[in-house]
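Worksheet: the structure to be examined is printed underneath.
Chains as they are written, first to last, in my numbering: chain Z, 84 to 428; chain F, 84 to 428.
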């Protein structure tokens, strides 16, 4: 899914998500402890044999085999991945929204006026119902208070520090440990076959860049995401980029192909998503003539992760699930296609 | 220099440039035919031995030698290059402006009303004085008529077709042959030393991407430039990106570090420019602590190319020339530092 820096979501979705935050609904079951032996000799060891794995192997073989009618030169082997819900856990609510709420709490001592001012008062009192009532305007204020008003270097440090201590409410682990092991293997498999992989996320570009290389092997220059504007300025004789309280780009839904074209400048030959926020990216990638590959991660595993699709506020998967049939995209059934979900299983 | 997709330039500069277009002032001397033997065993064969070449070699040696106090891991070896006037010829006027004028002429049969409508009438009559009088508004109309109103794929084809037939007024060669051979060697030298090179230009990003890989070895996903907005849409069941008559980003002056941060997400360790449009990029790159490298191409060679700096409307080099002294940037004296300018010499 793509929280779109919050702004891209509908009011209804945002409010629903906010309301969900304290509840962690549904699937509070123990984490599976069935550690699997990972064999690294064959590709994709955390994938069970089946149609999804086979479709990936077939596609990569076809586009990389010299002389194949579907051969694609390495320079054109561009693959794009959504992040939230495709590469790491997005439930029970946006990690970045959790970050914003935590930031407001951390900054509260510097802002004594927040104790009596919405939406901050609601955040500080953990009153999610009241926070939801402040609507988009309230959420926008939270975003600006937490994401703008500092230099890019300062924001990077804030993100790194937060990720070092924040823990997922169900899994009790750092968010960066909640990357899907089968997808990490898929990224590595594509790299080893000459692909250049990009993340194309509705999330904030500078919320991802500090850690994507370490976790996914995808460097900062291969991240596309939503962003706020920055301003170059000299301060005390040193140049800096200051983060402004103004949206720059929403990399979600129809914005994803726009972002791909703007940042990458090539049309991908493979795209990977999990929600309606990825529909247009998958269309742009696969409806282009030639052998193309589209894949949707379908969250069907309430025991090991979460089960959600057509009615979920985050990771809403409805139109794209129907389009997958029409366009012959591969749909991953997490429960049966993934031998393990996380590396710590 | 950075024509900023025309919009970033001052009115004065734009008008001056327009007026210059038909005149090709100054340096209409024969192209030097003194072909040099290029030795490929040593790096930078088209550079004369001297302070500039030595500064490049010293910097690359320092950041690539393991155990050096200035060692930089390959992933962080980001180098950014301006395009117009740094990698290829920008005189006597912006190549992209020439393209816009040619496009208007090519489209004229589809627009009979242009015969009586400014600024188109002036273009069709080669009346640059009247065109200049239409001012920024007139130029904006030319940009939109020539750069918007088609899909990204259609625009790419238009650029490729134009470059295949357009000839530089003085050198009588395709513009893509007017890349500076010493800079092509420098790009290759940096690549071979683990650098990732990006072009960061005021010019249109989609005016560059169709040819930069072939000419410079820099792929589309490593181009940062000015852009207009695009819109994703389905037409006859096929997805397309349609180019809108609306500016998206001006990648010039203080916009260059902004663009670098937005597209690349890493701070360069080396930057190369030739005008005041590159000043902030050079500041952002070099004023960061650690060993950093800034270089300015100073156009001092009216015989082989052009001689211009502080008073030139295109490639205006004034503040950045002074800043080079203050910041210890390397200034290339084209006349003495480059053994050859073009590969065809």
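Glycine is no exception: its CB is placed at the ideal position from the N, C-alpha and C atoms.
Would you mind sorting residue i into buried or exposed? The rule is 16 or more other CB atoms within 10 Å of its CB.
i                      : result
residue 399 of chain Z : buried
residue 427 of chain F : exposed
residue 351 of chain F : buried
residue 344 of chain F : buried
residue 209 of chain Z : exposed
residue 200 of chain Z : exposed
residue 214 of chain Z : buried
residue 221 of chain Z : buried
residue 411 of chain Z : exposed
residue 326 of chain Z : buried
residue 265 of chain Z : buried
residue 211 of chain F : buried
residue 279 of chain F : buried
residue 320 of chain Z : exposed
residue 253 of chain Z : buried
residue 150 of chain Z : exposed
Leaving out five residues before and five after residue i in sequence, what residues of the same chain have Cβ atoms less than 7 Å from its Cβ?
i                      : result
residue 300 of chain F : 270, 271 and 274
residue 294 of chain F : 246 and 259
residue 157 of chain F : 277
Output needed for residue i: all residues of its chain with C-beta closer than 6 Å, excluding positions within five of it in sequence on either side, in chain order.
i                      : result
residue 395 of chain Z : none
residue 153 of chain Z : 145, 146 and 374
residue 292 of chain Z : 303 and 306
residue 126 of chain F : 272
residue 186 of chain F : 229
residue 172 of chain Z : 261
residue 372 of chain F : none
residue 169 of chain Z : 355, 356, 357 and 380
residue 190 of chain F : none
Specify the secondary structure class of residue i as computed by DSSP and reduced to three states.
i                      : result
residue 333 of chain F : coil
residue 181 of chain Z : helix
residue 157 of chain F : helix
residue 274 of chain Z : helix
residue 347 of chain Z : helix
residue 41 of chain F  : Nothing in the structure corresponds to residue 41 of chain F, since chain F is present only between 84 and 428.
residue 363 of chain F : helix
residue 174 of chain Z : coil
residue 395 of chain F : coil
residue 322 of chain F : strand
residue 314 of chain Z : strand
residue 249 of chain Z : coil
residue 109 of chain F : A caution first: residue 109 of chain F carries a pLDDT of 31, below 50, which makes its placement in the model too unreliable to give a value.
residue 230 of chain F : helix
residue 279 of chain F : strand
residue 261 of chain F : helix
residue 377 of chain Z : strand
residue 294 of chain F : coil
residue 409 of chain F : helix
residue 341 of chain F : helix
residue 210 of chain F : coil
What residues in its chain sit with their C-beta under 8 Å from that of residue i, if we drop five residues either side in the sequence?
i                      : result
residue 142 of chain F : 353, 374 and 376
residue 148 of chain F : 154
residue 393 of chain F : 399, 400, 401 and 404
residue 188 of chain Z : 206 and 207
residue 322 of chain F : 315 and 316
residue 297 of chain Z : 259
Please confirm if residue i has its CB atom under 8 Å from at least one CB of chain A.
i                      : result
residue 292 of chain F : Among the protein chains in the structure shown, which are Z and F, there is no chain A.
Considering only heavy atoms of the ligand GDP, does any lie closer than 7 Å to the CB of residue i?
i                      : result
residue 153 of chain F : The ligand GDP is absent from the structure shown, which contains no ligands of any kind.
**Asked** When the Cβ atoms of the stretch 337–349 of chain Z are set against those of the stretch 372–380 of chain Z, are three or more pairs found closer than 8 Å?
**Response** The stretch 337–349 of chain Z, when compared against the stretch 372–380 of chain Z, does not touch it at the 8 Å Cβ threshold.
**Asked** So, do the stretch 362–370 of chain F and the stretch 400–418 of chain F have three or more beta carbon pairs nearer to each other than 8 Å?
**Response** With contact defined as three or more Cβ pairs closer than 8 Å, the stretch 362–370 of chain F and the stretch 400–418 of chain F are in contact.
**Asked** What residues in the stretch 295–309 of chain F bring their beta carbon closer than 7 Å to a beta carbon of chain Z?
**Response** Residues of the stretch 295–309 of chain F with a C-beta atom less than 7 Å from some C-beta of chain Z are 302, 303, 304 and 306, listed in chain order.
**Asked** Does the count of Cβ pairs from the stretch 226–236 of chain Z and the stretch 245–264 of chain Z closer than 8 Å reach three?
**Response** With the cut-off at 8 Å, the stretch 226–236 of chain Z and the stretch 245–264 of chain Z do not touch.
**Request:** Using a Cβ-Cβ cut-off of less than 7 Å, give me the residues of the stretch 370–384 of chain F that come near chain Z, in sequence order.
**Result:** Here the close residues are 370.
**Near-chain Z residues of the stretch 310–341 of chain F (beta-carbon distance less than 9 Å), N- to C-terminal order** = Of all residues in the stretch 310–341 of chain F, 310, 312, 313, 314, 315, 316, 317, 320, 321, 322, 323, 324, 331, 332, 336, 337, 338, 339, 340 and 341 have a Cβ within less than 9 Å of some Cβ in chain Z.
**Request:** Say whether the stretch 128–137 of chain F touches the stretch 415–425 of chain F, bearing in mind that this needs 3 or more beta-carbon pairs closer than 8 Å, one atom from each stretch.
**Result:** With a cut-off of 8 Å, the stretch 415–425 of chain F and the stretch 128–137 of chain F count as touching, because enough Cβ pairs lie within range.
**Message:** By the 8 Å beta-carbon criterion, what residues does the stretch 230–263 of chain F contribute toward chain Z?
**Reply:** Contact annotation: in the stretch 230–263 of chain F, residues whose CB is within less than 8 Å of a CB in chain Z are 235.
**Asked** What residues in the stretch 342–366 of chain Z have a beta carbon less than 7 Å from any beta carbon of chain F?
**Response** Per Cβ criterion, the list reads 344, 345, 346, 347, 348, 349, 363 and 366.
**Request:** Select from the stretch 144–162 of chain F all residues with a C-beta closer than 7 Å to any C-beta belonging to chain Z, and list them in chain order.
**Result:** Listed by position along the chain: 158.
**Prompt:** Within the chosen definition, does the stretch 274–286 of chain Z reach the stretch 154–163 of chain Z through at least 3 CB pairs nearer than 8 Å?
**Reply:** Taking a contact to require three or more Cβ pairs closer than 8 Å, the stretch 274–286 of chain Z and the stretch 154–163 of chain Z qualify as touching.
**Proximal residues, the stretch 261–289 of chain F versus chain Z, C-beta separation under 9 Å** = Cβ contacts with chain Z come from 279, 281, 288 and 289.
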